[in-house]
Every structure is written in C-alpha cells, then in structure tokens.
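Residue numbers (numbering that gives the first Met the number 0): 0 to 129. Ideal Cβ positions, reconstructed from N, Cα and C, are used throughout, including at glycine. These figures come from a predicted structure and were not determined experimentally.
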Amino acid sequence: MLLGLGTDIVEIERIRGMIDRHGDHFIERCFTAGEIEYSRRHRDSVVRFAGRWAAKEAVVKVLGTGFVKGITFHDVEVISLPSGQPSIQLSGEAADIASGIGIVEVRLTISHAREYATATAIGWGQSPGQ
0 MLLGLGTDIV EIERIRGMID RHGDHFIERC FTAGEIEYSR RHRDSVVRFA GRWAAKEAVV
60 KVLGTGFVKG ITFHDVEVIS LPSGQPSIQL SGEAADIASG IGIVEVRLTI SHAREYATAT
120 AIGWGQSPGQ
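1) Could you pull the start and end residues of the beta strand (DSSP E) that I35 belongs to?
2) Between V105 and V61, which are expected to be in contact by the criterion C-beta below 8 Å, what is the C-beta distance as a whole number of angstroms?
3) Taking contact to mean at least 3 C-beta pairs separated by less than 8 Å, is the segment 112 to 128 in contact with the segment 1 to 9?
4) Over the uninterrupted beta strand (DSSP E) stretch that includes A118, give me the two end residues.
5) I35 to G128, Cα distance in whole Å?
6) Just the C-alpha distance for T64 and V75, rounded to the nearest angstrom, thanks.
7) In angstroms, rounded to a whole number, what distance separates the CA positions of G22 and H41?
8) Between Y115, H24, T6, which has its C-alpha nearest E56's C-alpha?
9) Can you tell me whether S110 is buried or exposed? The criterion is at least 16 other CB atoms within 10 Å of its CB, across all chains shown.
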C-alpha cells in the first residue's frame, strides 16, 4: 500500500555554491561516506551531490517530517543497487519514524538536467492498525 509520496527539485548551482562556500564541512554534514565516495567518482561530483540532496529531501517528505524531529542528513542514505538503481537506507530517527507509520520500503528515482536535479520517493507498507 502506498503510504507516502515525496518529490524535490534543487538547482545544481545552489549545491555548488554551498560546496564552494563551506567545502568539506558542508559535504560531511549532509552526506554519508558512501555518498561522498560515489559522488566524487563522477566527473562533476556536484551534480551527484545535488541528486542525493534532492533524494534526501524527497524521502523526509514521504515520512511527513522534513529534517526535524531528530532526523539528520545521515539518517537518510542514498545507496546504489548492483543494477545502478538508487535506493534508500534509513537509520536512526528516520528508520524509527518510517517503522512507526508502517513504511517498510522506500522506492526512489533521481534525475539530473543541465540546471536541476530532482528526485521522487514513494513509501510502501501497511498502515498501522490495518
């Protein structure tokens, strides 16, 4: 059963500006080691960071919280399946909230264009009490 839907779009230049201004402090605060390694493997890593930023924002919209209630950027990790498809791994408070509202799986898609990165996430599961 569909329990949540979230989408986000971000200007790639906005993320580039944050990285230019704050460098590794911004990157390490917002992205996990795996996300950093993945993004830096690509020619323009900022495009990958922007896609992962949009994905994290889309996922917290699925949870209905945003980045509040104790959820950190590291609680929502974008991983790559062997097929290359992006997927989400929740931990900490994000995992607890997802479990509490019955979400057992979050499906994700990320797309990039010249100026924007966008992501859509869908939360699947069984609503508590059903």
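Answer, in terms of the structure:
1) Taking the sequence shown and counting its residues from 1, the one referred to as residue 35 is at position 36. Element bounds for I35: not the beta strand (DSSP E) but the alpha helix (DSSP H), 32 to 39.
2) Walking along the sequence shown from the start, residue 105 turns up at place 106. Walking along the sequence shown from the start, residue 61 turns up at place 62. Right, the Cβ-Cβ distance comes to about 6 Å (below 8 Å), so this counts as a contact.
3) yes
4) The count along the sequence shown starts at 1 and reaches residue 118 at position 119. That run of the beta strand (DSSP E) goes 115 to 124.
5) Mapped onto the sequence shown, residue 35 falls at position 36. Mapped onto the sequence shown, residue 128 falls at position 129. I35 and G128: Cα-Cα distance of roughly 39 Å.
6) Along the sequence shown, one-based indexing puts residue 64 at 65. Along the sequence shown, one-based indexing puts residue 75 at 76. Spanning the two alpha carbons is a distance of roughly 12 Å.
7) Here residue 22 refers to the residue found at position 23 when the sequence shown is read from its first residue. Here residue 41 refers to the residue found at position 42 when the sequence shown is read from its first residue. Approximately 17 Å between the Cα atoms of the pair.
8) Residue mapping note: residue 56 aligns to position 57 of the sequence shown, counting from 1. That would be T6, whose Cα lies nearest to the Cα of E56.
9) One-based indexing of the sequence shown puts residue 110 at position 111. Answer is exposed; the Cβ neighbour count stays below 16.
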